[in-house]
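To start, the structure under review is shown below, and the notes come after it.
Residue numbers (the working numbering), protein chains in the order written: chain P, 28 to 140; chain R, -10 to 103.
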């Protein structure tokens, strides 16, 4: 049972344009959502997070939107840069105090110059 | 500040053998979690340790076990290895009780089972 789903395995975007990565979840107990970025041969690195009490969180070029009623979140990257090319994982947890995250399967973003 | 350190980085084993992987968390982090990454399944949670106690456990068979030492370092063990255990094993540490919930990952230990 996949509680967190990223339905697009890959996404290709032109440099300077917007990248939108999507994530759906099924568990209504999830209270905290995070995005991680992973380059080959490296561990995932934290990008941005959002609590369920918010519907938007911004950090520079990265914005995460949360739609609780639809159980959907998205990550917007504007403007996209070639260095953003990586695999992006959406993750969820029932609180922000534990080490147990449920990850989606990842979306490979390719930003073309 | 040193990051999460995992050893070994690469290893090859044969079916039926056992393996032990090691993880040193970021200084001051008392929570250590382990994840398995495979191409088909993504990152799957194995277990979490805090103050030498298992705090959470994922849906993996009993062949997968772990422990945490008093200095917060952690080890995970896989016994009776199967071909399907070939994966990247990632360790992550976090600062509980006042932290943001963010996990800091190591570079992983890539296990190949032949």
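Backbone N, C-alpha and C fix where the C-beta goes; we use that ideal spot for every residue, glycine too.
For the segment 112 to 137 of chain P, residues whose beta-carbon sits nearer than 9 Å to a beta-carbon of chain R comprise 116, 118, 120, 122, 123, 124, 125, 126, 127, 128, 129, 130, 131, 132 and 133.
With its beta carbon at least 8 Å from every one in chain R, residue 37 of chain P lies outside the interface. Contacts with chain R at 8 Å (Cβ-Cβ) do not include residue 89 of chain P. By the Cβ rule, the segment 122 to 131 of chain P does not count as touching the segment 98 to 114 of chain P, because fewer than three pairs are nearer than 8 Å. Not one beta carbon of chain P lies nearer than 8 Å to the beta carbon of residue 60 of chain R.
For the pair residue 139 of chain P and residue 89 of chain P, the Cα-to-Cα distance works out to about 18 Å. Listed as beta-bridge partners of residue 66 of chain R by DSSP are R/9 and R/54. Positions of the beta strand (DSSP E) runs, each at least 3 residues long and wholly inside the segment 89 to 113 of chain P, are given as 89 to 94 and 99 to 104 in order along the chain.
Across the set P/82, P/41 and P/113, the C-alpha of P/113 shows the shortest separation from the C-alpha of residue 73 of chain P. Residue pairing by DSSP places residue 81 of chain R opposite R/22 and R/94 in a beta bridge.
The three-state reading of DSSP puts residue 58 of chain P in coil, since its state is none of H, G, I, E or B.
In this structure, DSSP gives residue 74 of chain R a helical state, which the three-state scheme calls helix.
Scanning its chain for C-beta atoms nearer than 8 Å, with the 5 sequence neighbours on each side dropped, one finds around residue 109 of chain P the residues 42, 138, 139 and 140, in chain order. Bridge partners of residue 34 of chain R according to DSSP: R/24. For residue 44 of chain R, the secondary structure class from DSSP, reduced to helix, strand or coil, is strand. Counting the other CB atoms within 10 Å of its CB gives residue 56 of chain P a total below 16, which places it among the exposed residues. Here residue 132 of chain P is not bridged, per DSSP, to any residue.
Scanning R/25, R/9, R/-8 and R/18 for the CA closest to the CA of residue 125 of chain P turns up R/18.
In the DSSP assignment, residue 72 of chain P falls within the beta strand (DSSP E) that extends over 72 to 78.
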